[in-house]
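*Asks:* The structure that follows is given in the form of structure tokens.
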Amino acid sequence: MPLVSFCPNVSFLASHNGSNMRAIVAAIRNGILNAVPRALISNNAGSGAIAWAQNNGLSTYHVSATSKGSEMAADTAIVSILRRYNTDIVVLAGYMRKLGPETLQAFSGRILNIHPALLPKYGGKGMYGRFVHQSVLKSGDTQTGVTIHLVDDEYDHGPVVAQAPVGIYPDDVVETLTARVQAKEQELFPETLRRIVSGEIDLDKIAAAR
Ligand code: GAR
Numbered sequence: 002m003p004l005v006s007f008c009p010n011v012s013f014l015a016s017h018n019g020s021n022m023r024a025i026v027a028a029i030r031n032g033i034l035n036a037v038p039r040a041l042i043s044n045n046a047g048s049g050a051i052a053w054a055q056n057n058g059l060s061t062y063h064v065s066a067t068s069k070g071s072e073m074a075a076d077t078a079i080v081s082i083l084r085r086y087n088t089d090i091v092v093l094a095g096y097m098r099k100l101g102p103e104t105l106q107a108f109s110g111r112i113l114n115i116h117p118a119l120l121p122k123y124g125g126k127g128m129y130g131r132f133v134h135q136s137v138l139k140s141g142d143t144q145t146g147v148t149i150h151l152v153d154d155e156y157d158h159g160p161v162v163a164q165a166p167v168g169i170y171p172d173d174v175v176e177t178l179t180a181r182v183q184a185k186e187q188e189l190f191p192e193t194l195r196r197i198v199s200g201e202i203d204l205d206k207i208a209a210a211r
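What the sequence shown shows, in this note's numbering, is residues 2 to 211, in sequence order.
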């Protein structure tokens with residue numbers, strides 16, 4: 002796998018709305034981020050992410066273990082789509098499935114996930130979306146945040162690339178906290194990609210340092 006190019010091809014995986022995909026594509030269109038949005042793969046044929054990507058010039062694919070016949074076949078299909086678009090960076094934009102070994106190996110050190118908490122807190126199996134915010138609110142913590150990390154074969158586990166804090170207010174409920182965390186995600190992801198493209202963040206160094 003070559004080093005990240007000056008203007009990388011970025012492909013996305015998303016299960017629901019793909020809010021981070023939308024923010025990254027907006028940053029590219031606004032000239033803030035030098036990259037090319039290529040394909041969107043979703044395990045959910047009815048997802049908002051697929052509808053949005055279709056209307057915004059990305060190639061879209063529905064890939065799931067059910068549609069492909071097995072987890073292994075889905076894994077192979079994902080690699081083949083990502084390769085077809087010469088993908089340099091894979092962005093998991095709210096993708097609620099574990100990636101298979103073929104994808105992890107083919108794009109090792111080049112797959113970024115966003116998690117709505119300050120990992121290693123509130124990560125792991127079952128910790129996604131509103132379940133994260135429910136646990137955070139129950140804990141009594143006064144601060145949460147956002148983490149972007151390289152993906153490995155464990156949920157929410159790979160080396161951290163960037164983090165940003167988000168304050169918790171006494172009257173917060175899951176919906177208000179989700180909105181505030183997602184607003185921070187949509188700043189942090191484009192900005193982190195911009196720093197990767199500019200060379201300020203070196204993914205190889207981060208992957209090697211673990
Ligand atoms: C985002 O907040 C993302 O950080 C989170 O799911 C949400 C997806 O929202 N991801 C995880 O929890 C991964 N462990 P969206 O479907 O509205 O884009």
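Glycine residues also receive a C-beta, built at the ideal position from the N, C-alpha and C atoms.
Just to check my reading of the structure: A40 and L59 have Cβ atoms closer than 8 angstroms, yes? What is that Cβ distance to the nearest angstrom?
*Replies:* If you number the sequence shown from 1, residue 40 lands on position 39. If you number the sequence shown from 1, residue 59 lands on position 58. The pair is a contact, with the Cβ atoms about 6 angstroms apart (cut-off 8 angstroms).
*Asks:* Is P121 near the ligand GAR - that is, is its Cβ less than 6 angstroms away from at least one heavy atom of it?
*Replies:* Numbered from 1 along the sequence shown, position 120 holds the residue referred to as residue 121. No; taking the cut-off as 6 angstroms, the Cβ of P121 has no heavy atom of the ligand GAR nearer than that.
*Asks:* Who are P166's beta bridge partners in DSSP?
*Replies:* Here residue 166 refers to the residue found at position 165 of the sequence shown. In the DSSP output, where bridge partners are listed per residue, P166 has G146.
*Asks:* Could you pull out every residue in the same chain whose Cβ sits closer than 8 angstroms to the Cβ of Q135, ignoring the five residues on either side in sequence?
*Replies:* Numbered from its first residue, the sequence shown carries residue 135 at position 134. Contacts found: V175.
*Asks:* Using the C-alpha atoms, what's the distance from I202 back to R211?
*Replies:* Position 210 of the sequence shown, counting from 1, holds the residue named residue 211. Position 201 of the sequence shown, counting from 1, holds the residue named residue 202. Each residue's Cα considered, the two are about 15 angstroms apart.
*Asks:* Would you call P171 buried or exposed, if buried means 16 or more other Cβ atoms sit within 10 Å of its Cβ?
*Replies:* Stepping through the sequence shown from its first residue, residue 171 is reached at position 170. The residue is exposed, with fewer than 16 neighbouring Cβ atoms inside 10 Å.
*Asks:* So the candidates are L120, R84 and G95; which of them puts its Cα closest to the Cα of T104?
*Replies:* Numbered from its first residue, the sequence shown carries residue 104 at position 103. It is R84.
*Asks:* If I follow the unbroken beta strand (DSSP E) through R39, where does it start and stop?
*Replies:* One-based indexing of the sequence shown puts residue 39 at position 38. Per DSSP, R39 belongs to the beta strand (DSSP E) from V37 to S43.
*Asks:* May I ask you to check if the CB of G130 is nearer than 6 angstroms to at least one heavy atom of the ligand GAR?
*Replies:* Your numbering for residue 130 matches position 129 in the sequence shown. Yes, the ligand GAR has a heavy atom inside 6 angstroms of this Cβ.
*Asks:* To the nearest angstrom, how far is the alpha carbon of K139 from that of L93?
*Replies:* On the sequence shown, position 138 is the one that residue 139 refers to. On the sequence shown, position 92 is the one that residue 93 refers to. The straight-line gap from Cα to Cα measures roughly 27 angstroms.
*Asks:* Per DSSP, what are the beta-bridge partners of L14 in this structure?
*Replies:* Locating residue 14 in the sequence shown gives position 13, where the first residue counts as 1. Looking at the DSSP assignment, L14 forms a beta bridge with I42 and L93.
*Asks:* Between the segment 112-121 and the segment 146-161, are three or more C-beta pairs nearer than 8 angstroms?
*Replies:* Touching, yes, given that three or more Cβ pairs across the two stretches are closer than 8 angstroms.
*Asks:* Compare the C-alpha of A75 against each of I42, D89, L34 and M128 and name the closest.
*Replies:* For the purposes of this step, residue 75 is taken as the residue at position 74 of the sequence shown. Per the Cα distances, I42.
*Asks:* Can you list, in chain order, the residues of its chain whose CB lies under 7 angstroms from that of C8, leaving out five sequence neighbours each side?
*Replies:* Within the sequence shown, residue 8 is the residue found at index 7, counting from 1. Cβ neighbours of C8 beyond the five flanking positions: N35, A36 and V37.
*Asks:* Please state if the CB of P121 and the CB of V133 are separated by a distance shorter than 7 angstroms.
*Replies:* Within the sequence shown, numbered from 1, the residue matching residue 133 stands at position 132. Within the sequence shown, numbered from 1, the residue matching residue 121 stands at position 120. No.
*Asks:* Buried or exposed: where does S48 fall if 16 or more other Cβ atoms within 10 Å of its Cβ makes it buried?
*Replies:* Along the sequence shown, read from residue 1 onward, the residue named residue 48 stands at position 47. Classification for S48: buried.
*Asks:* Rounded to whole angstroms, how far is the Cβ of P191 from the Cβ of A24, which I believe are closer than 8 angstroms?
*Replies:* Position 190 of the sequence shown, counted from the start, is the residue given in the question as residue 191. Position 23 of the sequence shown, counted from the start, is the residue given in the question as residue 24. Between A24 and P191 the Cβ distance is about 6 angstroms, and since that is below 8 angstroms, they are a contact.
*Asks:* Looking at the ligand GAR, does it come within less than 6 angstroms of S20, judged from the CB to the closest heavy atom?
*Replies:* In the sequence shown, residue 20 corresponds to position 19, counting from 1. Indeed, a heavy atom of the ligand GAR lies less than 6 angstroms from the Cβ.
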